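K.L.:
The numbering used here numbers the first residue of the sequence shown as 5 and each following residue consecutively.
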Amino acid sequence: MNPRSVRNVCPMLGLVLLARCSSDPPPDPCPSPLSGVNERLAALPQGASAWRCVPVGDERTHAPDDLPDPAWRALRPTGGVFFVRAGAALGGDGSRSRPFAGLDAALRTPAGSTIVLARGRHSVEATLTITDERTIVGAGTDDRGTTLDVARGTSGLVVDGSAATLTVAGIKVVYSSSASSSQTERLREIALQARGGARLTLRDVLISGAGIPSVQVDGVGSTLDADQSTVREGRGNGVVLSGGARGLLRRSVAVANVGAGVYVERSHLHVVTGQLADNGAGGIHYREAGDATGGAASCASDDPLAESGPRDCLRDVLITCNGISGLYASGARTVELWRSAIVDTRATVASSGDGLSVLGGARIELDPDLRAHAELPLSAPEPDLAVGTRVLANHRAGIVVSGPGSSLDLRGSAIESNRQGGVIVQDGANLRSVQAARIANNTAVGLAMTETTTVTEITRSHFLATRTGMFRSSRGEILVGDGLSMASAAGMRVTQSRFEQSGRFGLLLSGVRAEVTDNRGDGNRYGIGNYNPPADGLTLERNRILGAEMPPATLPPVVTR
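1. Please classify residue 20 as buried or exposed, where buried requires at least 16 other C-beta atoms within 10 Å of its C-beta.
2. Do residue 294 and residue 337 have their C-beta atoms closer together than 7 angstroms?
3. State buried or exposed for residue 369, treating a residue as buried only when at least 16 other CB atoms are found within 10 Å of its CB.
4. Please report how far the alpha carbon of residue 117 lies from the alpha carbon of residue 268, in whole angstroms.
5. Quick check on residue 4: buried or exposed, where buried means 16 or more other Cβ atoms within 10 Å of its Cβ?
6. Going straight from the alpha carbon of residue 174 to that of residue 234, what length do you get?
7. What residues are listed by DSSP as bridge partners for residue 137?
8. Of all the options 529, 391, 494, 238, which has the alpha carbon lying nearest to the alpha carbon of residue 210?
9. Is residue 101 buried or exposed, if buried means 16 or more other CB atoms sit within 10 Å of its CB?
10. What's the gap between the Cα of residue 147 and the Cα of residue 372?
11. Examine the Cβ distances between the segment 75-95 and the segment 50-61 and report whether three or more of them are shorter than 8 angstroms.
12. Below 7 angstroms between beta carbons: does that hold for residue 467 and residue 449?
13. Three Cβ pairs or more, each shorter than 8 angstroms: is that satisfied between the segment 345-355 and the segment 301-315?
14. Ends of the beta strand (DSSP E) at residue 526?
15. Could you work out which residue in 521, 506, 480, 486 is closest to residue 498 when comparing CA atoms only?
16. Within 10 angstroms of the Cβ of residue 453, are there 16 or more other Cβ atoms? Answer buried if so, exposed if not.
17. If we count Cβ pairs, one from each stretch, closer than 8 angstroms, do we get three or more for the segment 275-288 versus the segment 240-258?
18. What residue range is occupied by the uninterrupted beta strand (DSSP E) comprising residue 518?
19. Pairing CB atoms from the segment 245-256 with CB atoms from the segment 225-232, are three or more of them under 8 angstroms?
20. In three-state terms, what does DSSP make of residue 333?
21. Short of 7 angstroms in beta carbon distance, which residues of its chain neighbour residue 133, apart from the five on each side in sequence? Order them along the chain.
22. Which two residues bound the contiguous beta strand (DSSP E) that contains residue 269?
23. Consult DSSP for residue 545 and reduce its assignment to one of helix, strand or coil.
24. Looking at residue 287: is its Cβ nearer than 7 angstroms to the Cβ of residue 334?
25. Could I get the ranges of all uninterrupted beta strand (DSSP E) runs contained in the segment 36-98, with 3 residues as the minimum, in chain order?
26. If you measure between the beta carbons of residue 416 and residue 446, is that distance less than 7 angstroms?
27. Reducing DSSP to helix, strand and coil, say where residue 293 ends up.
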């Protein structure tokens with residue numbers, strides 16, 4: 005993996021940083037995710053301008069004993085306990101004094117048993133299928149712990165059927181590097197797989213170098229519950245949920261996979277504290293609608309899998325240095341983000357590099373738990389800004405919402421230093437609300453709404469320092485630098501917000517039906533540009549948005565390609 009260097013503006017620190025999207029860990033503590041990828045630490049928002057470093061991923065520790073007691077992983081066996089030591093004499097009975105020589109022999113013990121793997125490397129030469137209840141415990145994931153070394157072209161452990169339950173703890177799973185795999189073989193190299201209603205639980209597990217994907221959970225009733233686990237350097241997607249499966253990742257990491265970190269198709273995924281970093285095809289991809297009752301009833305719960313509902317929950321998640329799109333959501337589903345960060349998405353293919361892509365009827369809510377400020381009186385103190393999710397320094401737009409049925413609702417967000425726009429809402433999508441947000445230092449536009457978009461409310465938000473740059477849309481290109489640009493948008497209310505230091509218009513209105521009242525700001529090239537036809541459903545009252553020059557008599561035309 006080759007490190008790359010790009011210059012990014014970090015407005016939180018007021019500095020220009022040299023950001024390295026690589027696996028080299030930055031010093032601890034990490035002041036912001038712009039300082040580089042560290043698969044052991046997630047830099048998460050803390051308040052309006054600070055970051056906190058949170059340990060994530062597998063523990064990289066080992067048990068003191070060669071054959072550990074399973075309780076060292078806080079597991080209490082309910083059935084028999086059997087031991088495995090690679091290279092032990094054949095004919096063992098699985099006792100501590102006469103361990104089995106391989107995992108395949110241990111899996112022939114009665115259902116409900118716990119299998120303890122000794123420190124060292126254990127070879128898996130053929131796919132091992134589990135159809136009952138099992139627990140497999142190792143001595144840890146560091147170099148002195150337990151490693152399952154899976155042969156190329158082979159699936160590792162397959163958990164199959166509604167009666168099957170597998171818990172894996174304290175184990176590193178790797179693929180042998182002795183042979184190169186063909187495309188067909190990589191499709192079989194799934195380190196851990198649950199299907200047909202099976203349940204897979206991971207505790208302190210590290211999976212490295214698997215195929216396409218590394219972990220797969222498929223089918224209605226199939227579940228993944230991973231805590232303090234890492235999926236890295238896979239040659240496809242890191243984790244795949246499909247066909248109605250449900251997944252929960254706690255304190256877990258997907259880093260440096262060739263595909264997406266996590267790919268979710270017609271299924272539901274929740275992430276509670278974690279990191280998706282340096283993946284080639286995106287951090288998290290949600291595709292197609294999820295079942296209306298397969299997600300979470302409430303994202304406020306510590307266990308979103310406990311109660312079924314329509315939502316996918318991402319809380320305290322760092323999505324950084326991924327290719328194509330940091331978070332991609334399409335299809336009729338609702339995804340909530342709480343106190344998360346989407347940072348430095350790379351433009352690895354044409355027309356990519358957006359932080360958050362909302363398409364095909366998806367609905368995204370950023371920090372919906374934050375208190376709404378829409379009904380505060382004008383005399384009330386100004387609320388704290390940017391205390392929630394941050395979308396920073398992405399190589400194209402920070403957020404793109406496109407297509408009928410797609411919608412965005414954000415509160416307390418910071419959308420900053422994105423290279424081709426902060427937030428773009430277009431092609432019939434809906435911007436439900438923007439409250440107590442800081443949209444600053446973006447190139448071309450802070451927030452742009454074009455082509456029949458609808459809006460509910462923009463209130464008590466700041467649109468600051470939009471830099472002049474080329475804005476690209478389906479209609480063509482134009483050199484702009486607008487804080488808030490609204491064209492052909494309807495049903496909106498813009499109030500009690502600031503528009504300052506924009507390279508072109510602080511606020512641009514063209515063909516909109518809106519109520520725009522009690523806004524202010526200065527330092528713009530032009531203050532308000534009003535290009536609405538007279539008496540066309542626009543109310544402008546009590547605004548003081550100033551510019552250094554008078555606005556042009558006519559709106560500059562789009563330069564078509």
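Positions of the beta carbon are idealized from the N, C-alpha and C atoms, including for glycine.
Only a predicted model underlies this, so the values are computations on that prediction, with no experimental measurement involved.
P.N.:
This is what the structure holds:
1. Legend: pLDDT at residue 20 = 31, less than 50; position of this residue unreliable, value from coordinates given subsequently. Residue 20 should be labelled exposed.
2. yes
3. buried
4. 32 angstroms
5. It is not possible to answer for residue 4, since the shown part of the chain is limited to 5 through 565.
6. 11 angstroms
7. 169
8. 238
9. With fewer than 16 Cβ atoms within 10 Å of its Cβ, residue 101 is classed as exposed.
10. Near 43 angstroms, if we compare the C-alpha coordinates of residue 372 and residue 147.
11. no
12. Against a cut-off of 7 angstroms, the Cβ pair of residue 449 and residue 467 comes out as no contact.
13. no
14. First-last of the beta strand (DSSP E) with residue 526: 524-528.
15. 521
16. By the Cβ-count criterion, residue 453 is buried, with 16 or more other Cβ atoms from all chains shown falling within 10 Å of its own Cβ.
17. yes
18. 517-521
19. yes
20. Three-state result, residue 333: strand.
21. 162, 164
22. 266-269
23. strand
24. no
25. 45-50, 54-59, 85-88
26. Their beta carbons are not under 7 angstroms apart, which means residue 416 does not touch residue 446 by this criterion.
27. coil
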